[in-house]
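S.K.: Protein chains in written order, with the numbering used here: chain A, 1 to 258; chain B, 259 to 569.
Cβ coordinates follow ideal geometry from the N, Cα and C atoms, glycine included.
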Amino acid sequence: MSMTGINWHAIGAIYRFEMARTLRTPLQSVVSPVLSTSLYFVVFGAAIGSRMQEIDGVAYGAFIVPGLIMLTLLTQSIANASFAIYFPKFTGTIYEILSAPVAWWEVVLGYVGAAATKSVIIGLIILLTATFFVPLRIEHPLWMLLFLVLTAATFSLFGFIIGIWADGFEKLQVIPLLVVTPLAFLGGSFYSIEMLPSPWQAIALFNPVVYLISGFRWSFFGIADVGVGVSLGMTLVFLAICIAVTGWIFRTGYRLKN
Amino acid sequence: MPPMSPIISVSDLSKTYASGFQALKSVNLDIRQGEIFALLGPNGAGKTTLISIICGLVTPSTGTVKADGHDIATDYRTARAKIGLVPQELTTDAFETVRATVAFSRGLFGQPKDPALIEQVLKDLSLWDKRDTQIRRLSGGMKRRVMIAKALAHEPRILFLDEPTAGVDVELRQDMWQLVRRLRDSGVTIILTTHYIEEAEEMADRVGVISKGEIILVEEKTELMRKLGRKQLTLILQQPLQALPPSLAAYDLELAADGEELVYTYDTKAERTGITALLQALGEAGIRFNDLQTSQSSLEDIFVSLVKDRR
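#1: Does any C-beta atom of chain B lie closer than 9 Å to the C-beta of residue 99(A)?
#2: Rounded to the nearest angstrom, what separates residue 348(B) and residue 6(A) at their Cα positions?
#3: How is the beta strand (DSSP E) around residue 553(B) delimited, first residue to last?
#4: Taking any Cβ of chain A, which residues in the stretch 330–349 of chain B have a Cβ under 8 Å from it, in chain order?
#5: Under 9 Å, Cβ to Cβ, is there at least one residue of chain A near residue 316(B)?
#6: Could you spell out where the beta strand (DSSP E) holding residue 321(B) opens and where it closes?
#7: Please report the distance separating the alpha-carbon of residue 54(A) from that of residue 172(A).
#8: For residue 12(A), which residues in chain B fall below 9 Å Cβ to Cβ?
#9: Relative to the C-alpha of residue 252(A), which residue among 33(A), 98(A) and 63(A) is closest?
#10: Could you compute how far the alpha carbon of residue 379(B) sits from the alpha carbon of residue 355(B)?
#11: Could you tell me whether the Cβ of residue 113(A) comes closer than 9 Å to any Cβ of chain B?
#12: Do residue 110(A) and residue 17(A) come within 9 Å of each other at the CB atom, strictly closer than that value?
#13: Determine which residues of the stretch 75–95 of chain A have a Cβ less than 8 Å from any Cβ of chain B, and write them out in chain order.
#14: Using the three-state DSSP reduction, which class does residue 182(A) fall into: helix, strand or coil?
#15: Compute the Euclidean distance between the alpha carbons of residue 290(B) and residue 421(B), then round it to the nearest angstrom.
#16: What are the start and end residues of the alpha helix (DSSP H) that includes residue 88(A)?
#17: Please report how far the alpha carbon of residue 259(B) lies from the alpha carbon of residue 464(B), in whole angstroms.
#18: Among the candidates 77(A), 93(A), 216(A) and 195(A), whose CA atom is the shortest distance from the CA of residue 275(A)?
#19: Nearest-angstrom Cα distance between residue 268(B) and residue 285(B)?
#20: Among 292(B), 528(B) and 520(B), which one has its Cα closest to the Cα of residue 550(B)?
#21: Examine chain B for any beta-carbon lying closer than 9 Å to the beta-carbon of residue 3(A), and answer yes or no.
#22: Starting from residue 351(B), find everything on chain E with Cβ-Cβ shorter than 8 Å and list it in chain order.
#23: Which residue or residues does DSSP assign as beta-bridge partners of residue 264(B)?
#24: Identify, in the order they occur along the chain, each residue of the same chain with its Cβ nearer than 6 Å to the Cβ of residue 106(A), setting aside the five sequence neighbours on each side.
#25: So, helix, strand or coil for residue 316(B), using DSSP?
#26: I'd like to know if the stretch 145–154 of chain A and the stretch 49–65 of chain A are in contact, where contact means that at least 3 CB-CB pairs between them fall below 8 Å.
#27: Starting from residue 342(B), trace the beta strand (DSSP E) both ways and give me its first and last residue.
#28: Cβ closer than 9 Å: which chain B residues qualify as neighbours of residue 30(A)?
#29: From 75(A), 185(A), 221(A) and 35(A), pick the residue whose C-alpha is nearest to that of residue 259(A); which is it?
#30: Give me the residue from 343(B), 499(B) and 308(B) with the minimum Cα distance to residue 540(B).
#31: Only counting the same chain, and skipping five residues up and downstream in sequence, which positions put a Cβ closer than 6 Å to that of residue 311(B)?
#32: Can you tell me whether residue 339(B) is buried or exposed? The criterion is at least 16 other CB atoms within 10 Å of its CB, across all chains shown.
#33: Quick one: grab the DSSP three-state call for residue 463(B).
#34: Just checking: is the beta-carbon of residue 413(B) within a distance shorter than 9 Å of some beta-carbon in chain A?
#35: Would you check if the distance between the CB atom of residue 95(A) and the CB atom of residue 345(B) is smaller than 9 Å?
#36: Give the single residue among 263(B), 288(B) and 305(B) whose Cα lies nearest to the Cα of residue 468(B).
Below, the structure is given as structure tokens:
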């Protein structure tokens, strides 16, 4: 234990353990999500992108890049973090975490930090890959990184909550597949909200992913469906909700302790 | 010797699970510093619940626990850093190597890296040759050693072993007992649960008997073993007796089955059991018998009599 009373050794141990798990399976954890996302750039950017209209002066192939990175970021963050905490629960090795001198937020920092790190790395690799296929510009690189890191952290935390809530492999999959993926697809990955018929424009604003993608796309091209401040605000609200839920889980021992 | 301050102090600890099952009923227990304490009881008696509460896996319904003076709820960091736990179930990672998983445990419990110490722990448990092997490739016995190594990686002052020898072969059991003694000699307090009385007899300094969520007895091992060492000799008489002849008054005798049986209770651990003298005295008193049998009071009998005495 350090002088500050924070168990840094524990945070580091969990973080390293999780990163090592990722590095043991590079094909599944890194290559596969990068490849499947890059296929979109090949198809929409290099192949049929040239036949599609520009959106707000941005080539279609480039327009979809921020949305696709967000899509991968969301699904990867949730998958990484939910599996990371679900598996020790499933095998029983969670006993060690529960009996260790760690505060709940230290456990979360270790698991969520590792899951978010991995997602950010994947996001950056996808971004790099995209530049080979489509012309890309990034007007606000610091905002881009901010949205990347905040979204990865928020959805890793969301995944962590799912992993604790899930008591079977099906539940582990159901929210990412049935809720998050549709929301991400309908959240403007492939189009601008303005292109929707008017009632759907209003409905789309109830989709939290719209704010993430809009803000992220703004950091690239300076165009947005909603103001960038609103995007940032919504991301922070969702992060705060996830932190509150995680705190409640550990205080009550929900699905962790008898 | 002055009484040592308890290293674990359990006060009025109760646990009722959500199902309504009351696993612990107001348990009070002090564990002395540096002893090997065996918690003995049948399956479902509450052994694992008690350990799980002390180690932070289960939330108690009421009561408090202090580990080396630190409350496990309010001062959990200090309390838990002193405790190592080896649970009953074989639960290990699969793809990690032995050395990595043990180093992970040390970090998790707030200790800086110390490869030399990890090496020593692995060598003590005959795991050094397997240090770079994935855990899933190890045998069950080896996995249990890994779990012990993980529990020792942060140099705990208190070690809990929940059913350490369940499903363990004889050789490993001997190794484990030796290790436990070495740890005790180095100042570690050890609390182990078992439902094998031989294990308590072999290992423990003191024994606590738990049944249906209550600690019904805590005693020095030697004292308990003296009780457990009692045996009964039953003689089936040819002629029923109305009363014992005065010449046999010196023996611990009882008439049973309407005078058709004579029961003699004796101590197998005593220097003399008195059987030879008793048989001689019976012959002199003209008491003849058709048959005889002996029975040893089992742990089960002790439980039954202890529980009965309390009602």
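M.R.: Well, looking at it:
#1: Residue mapping note: residue 99(A) aligns to position 99 of the first sequence, counting from 1. Chain B contact via Cβ: present.
#2: The residue labelled residue 348(B) in the question sits at position 90 within the second sequence. The residue labelled residue 6(A) in the question sits at position 6 within the first sequence. If I take the Cα positions, the gap works out to 30 Å.
#3: Within the second sequence, the letter at position 295 stands for residue 553(B). Per DSSP, residue 553(B) belongs to the beta strand (DSSP E) from 547–554.
#4: Against chain A - using a Cβ distance shorter than 8 Å - the residues of the stretch 330–349 of chain B are 334, 335, 336, 337, 338, 339, 341, 343, 345, 347 and 349.
#5: As a first step, residue 316(B) is located in the second sequence; it is residue number 58 there, counting from the start. Interface residue, yes.
#6: As a position in the second sequence, residue 321(B) is number 63, starting the count at 1. Element bounds for residue 321(B): 320–325.
#7: By 1-based counting over the first sequence, the position of residue 54(A) is 54. By 1-based counting over the first sequence, the position of residue 172(A) is 172. Cα to Cα, the separation comes out at about 39 Å.
#8: For the purposes of this step, residue 12(A) is taken as residue 12 along the first sequence, with counting starting at 1. Neighbours of residue 12(A) across chain B, judged by C-beta separation under 9 Å: 365.
#9: On the first sequence, position 252 is the one that residue 252(A) refers to. Of the candidates 33(A), 98(A) and 63(A), the one whose C-alpha sits nearest the C-alpha of residue 252(A) is 98(A).
#10: Stepping through the second sequence from its first residue, residue 379(B) is reached at position 121. Stepping through the second sequence from its first residue, residue 355(B) is reached at position 97. Per the coordinates, the alpha-carbon of residue 379(B) lies some 15 Å from the alpha-carbon of residue 355(B).
#11: Counting from 1 along the first sequence, the entry for residue 113(A) is found at position 113. Judged by the 9 Å Cβ criterion, residue 113(A) is not in contact with chain B.
#12: Stepping through the first sequence from its first residue, residue 17(A) is reached at position 17. Stepping through the first sequence from its first residue, residue 110(A) is reached at position 110. Taking 9 Å as the cut-off, the Cβ atoms of residue 17(A) and residue 110(A) count as close.
#13: Taking 8 Å as the Cβ-Cβ cut-off against chain B, the residues of the stretch 75–95 of chain A that qualify are 91, 92, 93 and 95.
#14: As a working note, residue 182(A) is residue 182 in the first sequence. If DSSP states are grouped into helix, strand and coil, residue 182(A) belongs with the helices.
#15: For this step, residue 290(B) is matched to residue 32 along the second sequence. For this step, residue 421(B) is matched to residue 163 along the second sequence. One alpha carbon belongs to residue 290(B), the other to residue 421(B), and they sit about 20 Å apart.
#16: Here residue 88(A) refers to the residue found at position 88 when the first sequence is read from its first residue. Counted as a single uninterrupted DSSP element, the alpha helix (DSSP H) harbouring residue 88(A) occupies residues 60–91.
#17: Your numbering for residue 259(B) matches position 1 in the second sequence. Your numbering for residue 464(B) matches position 206 in the second sequence. Summary for residue 259(B): the model assigns pLDDT 48, below 50, so the residue's position carries little reliability, and this model does not support an answer.
#18: As shown, chain A starts at 1 and ends at 258. That puts residue 275(A) outside it, with no answer to give.
#19: Taking the first residue of the second sequence as position 1, residue 268(B) is located at position 10. Taking the first residue of the second sequence as position 1, residue 285(B) is located at position 27. Their Cα atoms are separated by approximately 7 Å.
#20: Stepping through the second sequence from its first residue, residue 550(B) is reached at position 292. Selected option, being the one with the closest Cα: 520(B).
#21: Start at 1 with the first residue of the first sequence, and residue 3(A) comes out as number 3. Because residue 3(A) sits at a pLDDT of 46, beneath the cut-off of 50, its placement in the model cannot be relied upon, and the following sentence gives the value as read from the coordinates. For residue 3(A), the answer is no, since every Cβ of chain B falls outside 9 Å of its Cβ.
#22: The structure shown contains no chain E; its protein chains are A and B.
#23: As a working mapping, residue 264(B) is identified with position 6 in the second sequence. DSSP, once it has assigned bridges, lists 290(B) as partnering residue 264(B).
#24: Start at 1 with the first residue of the first sequence, and residue 106(A) comes out as number 106. A distance below 6 Å between beta-carbons, with the five flanking residues on each side excluded, links residue 106(A) to the following residues of its chain, in chain order: 7, 10 and 11.
#25: One-based indexing of the second sequence puts residue 316(B) at position 58. It is coil, neither helix nor strand.
#26: No, they do not touch.
#27: Position 84 of the second sequence, counted from the first residue, corresponds to residue 342(B). Looking at the DSSP string, the run of the beta strand (DSSP E) that includes residue 342(B) is 341–344.
#28: Translated into the one-based positions of the first sequence, residue 30(A) becomes position 30. Within chain B, not a single residue places a beta-carbon under 9 Å from that of residue 30(A); the smallest gap is close to 17 Å.
#29: Nothing about residue 259(A) can be reported from this structure: the residues present for chain A run from 1 to 258 only.
#30: The sequence position of residue 540(B) within the second sequence is 282, counting from 1. Out of 343(B), 499(B) and 308(B), 499(B) has the C-alpha closest to the C-alpha of residue 540(B).
#31: Here residue 311(B) corresponds to residue number 53 of the second sequence, with the count starting at 1. If the five residues before and after residue 311(B) are omitted, its C-beta is found closer than 6 Å to the C-beta atoms of 318, all from its own chain and listed in chain order.
#32: As a working mapping, residue 339(B) is identified with position 81 in the second sequence. Around the beta carbon of residue 339(B), 16 or more other beta carbons sit within 10 angstroms, so the residue counts as buried.
#33: The residue labelled residue 463(B) in the question sits at position 205 within the second sequence. Judged by DSSP in its simplified three-state form, residue 463(B) adopts coil rather than helix or strand.
#34: Reading the second sequence from its first residue, position 155 is the one you call residue 413(B). Cβ-Cβ to chain A under 9 Å: no for residue 413(B).
#35: Position 95 of the first sequence holds residue 95(A). Position 87 of the second sequence holds residue 345(B). Yes. Within cutoff.
#36: Looking up residue 468(B) in the second sequence gives position 210. Closest option to residue 468(B), judged by alpha-carbon separation, among 263(B), 288(B) and 305(B): 305(B).
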